[in-house]
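As structure tokens, the structure follows; a few thoughts come after it.
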Amino acid sequence: MTTLDDTLAATAGASRAAIEFHYDVGTAFYRLWLGDELTYSCAMFEDGDDLEAAQGRKIDFHARASGAIGAASVLDVGCGWGSTMRRLVERHGVERVTGLTLSRDQAAYVERQRLARVTVRLESWEQHEPAAPYDAIVSIGAFEHFARRDLPRAQKVATYRRFFARCRDWLRPGGALSLQTIAYGTLRPEQISPFITGEVFPESDLPALGEIVEAADGLLEITRLRNDRMDYARTCREWARRLAAQRDAAEALVGRARVETYDRFLRMSAKGFASGGLVLLRITLRRIDGVA
Numbered sequence: 049m050t051t052l053d054d055t056l057a058a059t060a061g062a063s064r065a066a067i068e069f070h071y072d073v074g075t076a077f078y079r080l081w082l083g084d085e086l087t088y089s090c091a092m093f094e095d096g097d098d099l100e101a102a103q104g105r106k107i108d109f110h111a112r113a114s115g116a117i118g119a120a121s122v123l124d125v126g127c128g129w130g131s132t133m134r135r136l137v138e139r140h141g142v143e144r145v146t147g148l149t150l151s152r153d154q155a156a157y158v159e160r161q162r163l164a165r166v167t168v169r170l171e172s173w174e175q176h177e178p179a180a181p182y183d184a185i186v187s188i189g190a191f192e193h194f195a196r197r198d199l200p201r202a203q204k205v206a207t208y209r210r211f212f213a214r215c216r217d218w219l220r221p222g223g224a225l226s227l228q229t230i231a232y233g234t235l236r237p238e239q240i241s242p243f244i245t246g247e248v249f250p251e252s253d254l255p256a257l258g259e260i261v262e263a264a265d266g267l268l269e270i271t272r273l274r275n276d277r278m279d280y281a282r283t284c285r286e287w288a289r290r291l292a293a294q295r296d297a298a299e300a301l302v303g304r305a306r307v308e309t310y311d312r313f314l315r316m317s318a319k320g321f322a323s324g325g326l327v328l329l330r331i332t333l334r335r336i337d338g339v340a
């Protein structure tokens, strides 16, 4: 029997086609401005960092926050091209990492790397059914795709709550989820540019902090919360600078129109984070045990 929760889970988030629209542009194009590690999420800067050092620091932060260091089994929800999984096994002694993505390009790239102790699955969190609990879960830059823009608030919160409930069920007792997501700051949903919702990230919407808190209530305890929006402003500016420096090579790969789209997107995003219209949340959520 299909329940309301099942229906919401099947329709609430961005479709595979919408994910591929943005992420399956070509790995060579993304490497031009993301760098060889292909880390497509906000870095964590300290004085003297270049982008690569700051991206490594970000992954290390999530490894510590989730309790993944030295863990037997970790789940990466929205694993991208695998940079987090690679660092977890190579730097942090994780015995086995499973990554989820809806991007065929990303999944194929990870498989071609033949990374030891890494498994990538072309499936969403709604579809995932692990054989055993995980010691830790990380999710970096995927939560933004879990709800479509046309969902009423109550359905958005219900979708997020279903995700948190599944994470709680997937975790061993005492386990934690380290979540990183863009969220609404002073900007309201109706103020988001149609350019972003139509030409960059179709079928996706940002959460508000209050929606996350409400959805997690009683399932996962929020033990740490950071707003690192200025880190994302800096990350986007650096990506835009690198894309501009590789303009000719980028246009040869994907064409002038697409390069102009990404250049505009990165510059708009940098301004949004700098102004506070957008925020970058890093949240540690620990499983609440003893809940039926």
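Here the sequence shown is numbered in my numbering, starting from 49 and rising by one per residue.
All C-beta atoms, glycine included, are put in the ideal place defined by N, C-alpha and C.
Source: prediction; values computed, not measured.
- By the criterion of a C-beta distance shorter than 7 Å, Tyr71 is surrounded in its chain by Ser151, Asp153, Gln154, once the five residues flanking it on both sides are discounted.
- Per the DSSP secondary-structure output, Glu286 pairs with nothing in a beta bridge.
- In the three-state scheme derived from DSSP, where H, G and I count as helix and E and B as strand, Gln228 is classed as strand.
- Secondary structure of Arg112 (DSSP, three-state): helix.
- Rounded to the nearest angstrom, the Cβ distance from Glu251 to Ser63 is 6 Å, consistent with a contact under 8 Å.
- For Arg197, no beta strand (DSSP E) run applies, since DSSP gives it neither H nor E.
- Contact between the region 315–325 and the region 283–297 is established, with three or more Cβ pairs separated by less than 8 Å.
- In the three-state scheme derived from DSSP, where H, G and I count as helix and E and B as strand, Ile67 is classed as helix.
- Straight-line measurement puts the Cα of Gly338 at about 44 Å from the Cα of Thr75.
- Ala224 and Thr146 have their alpha carbons spaced roughly 16 Å apart.
- For Arg274, the CB contacts under 6 Å within the same chain, skipping 5 residues up- and downstream, are Arg330 in chain order.
- Between Gly324 and Gly233, the alpha-carbon positions lie close to 6 Å from each other.
- In the displayed model, Ser131 falls within a helix according to three-state DSSP.
- In the three-state DSSP reduction, Ser323 falls in the helix class (H, G or I).
- Asp253 sits buried, since 16 or more C-beta atoms from the chains shown fall within 10 Å of its C-beta.
- In the three-state reduction of the DSSP assignment, Arg274 falls in the strand class.
- In this structure, the CA atom of Asp98 is about 27 Å from the CA atom of Ile185.
- Tyr310 and Gly83 have their alpha carbons spaced roughly 16 Å apart.
- Listed as beta-bridge partners of Tyr182 by DSSP are Leu219.
- Rounded to the nearest whole angstrom, the C-alpha separation of Gly96 and Ala102 is 9 Å.
- For Val302, the enclosing alpha helix (DSSP H) has its first and last residue at 295–302.
- Comparing C-alpha distances from Ile188 to each of Glu94, Cys127, Arg236 shows the shortest one belongs to Cys127.
- Under the criterion of beta carbons closer than 8 Å, Met133 and Asp279 do not qualify as touching, at roughly 22 Å.
- When rounded, the separation of the alpha-carbon atoms in Val122 and Gly258 is 27 Å.
- For the pair Leu291 and Ala263, the Cα-to-Cα distance works out to about 37 Å.
- Under the three-pair Cβ rule at 8 Å, the region 203–220 counts as touching the region 264–271.
- Apart from sequence neighbours up to five positions away, the residues of its chain that approach Asp276 with a beta-carbon distance below 7 Å are Cys90, Met92, Leu328, Arg330, ordered along the chain.
- In the three-state reduction of the DSSP assignment, Leu150 falls in the coil class.
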